[in-house]
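**Q** With the first letter of the sequence shown counted as 1, position 114 gets the number 114 in full-length UniProt numbering; the numbers rise by one all the way through. In this text, a Cβ means the ideal position worked out from N, Cα and C, and glycines have one as well. Have a look at this one.
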Amino acid sequence: MKVDLNSDLGESFGRYRLGLDEEVMKYISSANVATGWHAGDPLVMRNTVRLAKVKGVAVGAHPGYPDLLGFGRRYMELSPEEARNYILYQIGALYAFARAEGLELQHVKPHGALYNALAKEEELARAVIEGIADFDRKLIFVTLSGSRPAEIAEEMGVKAAHEVFADRAYNPDGTLVSRSKPGAVIHDKDEIAERVVSMVKDGGVKAINGEWVDLKADTICLHGDNPKAVEIAAHVRRALEEEGVRIVPMREVVR
1 MKVDLNSDLG ESFGRYRLGL DEEVMKYISS ANVATGWHAG DPLVMRNTVR
51 LAKVKGVAVG AHPGYPDLLG FGRRYMELSP EEARNYILYQ IGALYAFARA
101 EGLELQHVKP HGALYNALAK EEELARAVIE GIADFDRKLI FVTLSGSRPA
151 EIAEEMGVKA AHEVFADRAY NPDGTLVSRS KPGAVIHDKD EIAERVVSMV
201 KDGGVKAING EWVDLKADTI CLHGDNPKAV EIAAHVRRAL EEEGVRIVPM
251 REVVR
């Protein structure tokens, strides 16, 4: 068995530092690098790509809404044309730095409110996937496991990686519990590791109400912006490897 471990990195901006990128990078196989609109800047993007190269971690674009003040977590209404071109623009920005470091882009994972909106707005999802395809149909589109956007991508001839979240609680319908609700974020590293192993080996996990939720786990998101991020990442990787699960870049899981 094999699975990808990803993390959202490169989210510092100017003199503001966010996340534990260098330490988290030791335990993941794919990095989602912020493309400057919700976080990140040219220096941060270049340094993050360079670090990924040194660590042997695959690189993908992490585009979001143009919302630095809100960290891309505020919904914005976009036309399909805007969405398509916003995505293409941000992929192109990261591609410049990847090419400068001799790396190929592996995937595209939308960020924050945009990621969540895709599951609710089919027209928006199609526009975002079209933007990815405009750049390179070989790029992998990362989306919530079992969601409609994954089906849309496959219908459009774009590979989709089904993503699960290590430290987030699930609703019975497979969506994530809102961060505004108690229990939405899980902090105990043992519980997180146990849930991740269940997602990979058993194909699902218990929802917040105790019901079983079927999940396809191509890639697991490990958040890198909390104080225990490194400890959790190391613990999750160790738990998976002890169960005989190989940690590999996304391109080796999604074919």
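In whole angstroms, give me the CA-to-CA distance for residue 258 and Leu176.
**A** Residue coverage of the chain in this structure runs from 1 to 255, which leaves residue 258 outside it and unanswerable.
**Q** DSSP three-state label for Arg50, please.
**A** helix
**Q** Run through the DSSP bridge pairs and tell me what Ile220 is partnered with.
**A** Leu5 and Val164
**Q** Does the count of Cβ pairs from the region 216 to 230 and the region 5 to 14 closer than 8 Å reach three?
**A** With a cut-off of 8 Å, the region 5 to 14 and the region 216 to 230 count as touching, because enough Cβ pairs lie within range.
**Q** Could you pull the start and end residues of the alpha helix (DSSP H) that His235 belongs to?
**A** Ala229 to Glu242
**Q** Of the residues Pro66, Glu101, Gly146 and Ala169, which one's Cα is nearest the Cα of Tyr89?
**A** It is Pro66 whose Cα lies nearest to the Cα of Tyr89.
**Q** Leu78 to Gly56, Cα distance in whole Å?
**A** 36 Å
**Q** Between the region 147 to 161 and the region 130 to 137, do three or more beta carbon pairs fall short of 8 Å?
**A** yes
**Q** Using a 10 Å radius around the Cβ and a threshold of 16 neighbouring Cβ atoms, would you call Lys109 buried or exposed?
**A** buried
**Q** Tell whether a beta-carbon distance below 8 Å holds between Ala217 and Ser145.
**A** yes
**Q** Counting only runs of 4+ residues fully inside the region 86 to 157, write out the alpha helix (DSSP H) ranges in chain order.
**A** 112 to 118, 122 to 135 and 148 to 155
**Q** Assuming Ala193 is part of the alpha helix (DSSP H), what are its boundary residues?
**A** Lys189 to Lys201
**Q** Where does the unbroken alpha helix (DSSP H) through Asp214 begin, and where does it stop?
**A** From DSSP, Asp214 is part of no alpha helix (DSSP H) but of the beta strand (DSSP E) over Trp212 to Asp214.
**Q** Under the three-state reduction of DSSP, which class applies to Arg246: helix, strand or coil?
**A** strand
**Q** Given a cut-off of 8 Å on the beta-carbon distance, is the pair Gly19 and Ile87 in contact?
**A** no
**Q** Go to Val24, then tell me how far its alpha helix (DSSP H) extends in each direction, as first and last residue.
**A** Asp21 to Val24
**Q** Give a yes or no on whether the C-beta atoms belonging to Ala127 and Pro80 are separated by under 8 Å.
**A** yes
**Q** Cβ of Glu163 within 8 Å of Cβ of Lys201?
**A** no
**Q** Nearest-angstrom Cα distance between Ala39 and Met250?
**A** 23 Å
**Q** Once the 5 residues before and after Arg179 are set aside, which same chain residues still bring their CB inside 7 Å of it?
**A** The residues are Val185.
**Q** Would you kindly report the start and end of the unbroken beta strand (DSSP E) that includes Asn209?
**A** That residue, Asn209, is in no beta strand (DSSP E); it is neither H nor E in DSSP.
**Q** Measuring only the C-alpha atoms, how far is Ile28 from Val49?
**A** 14 Å
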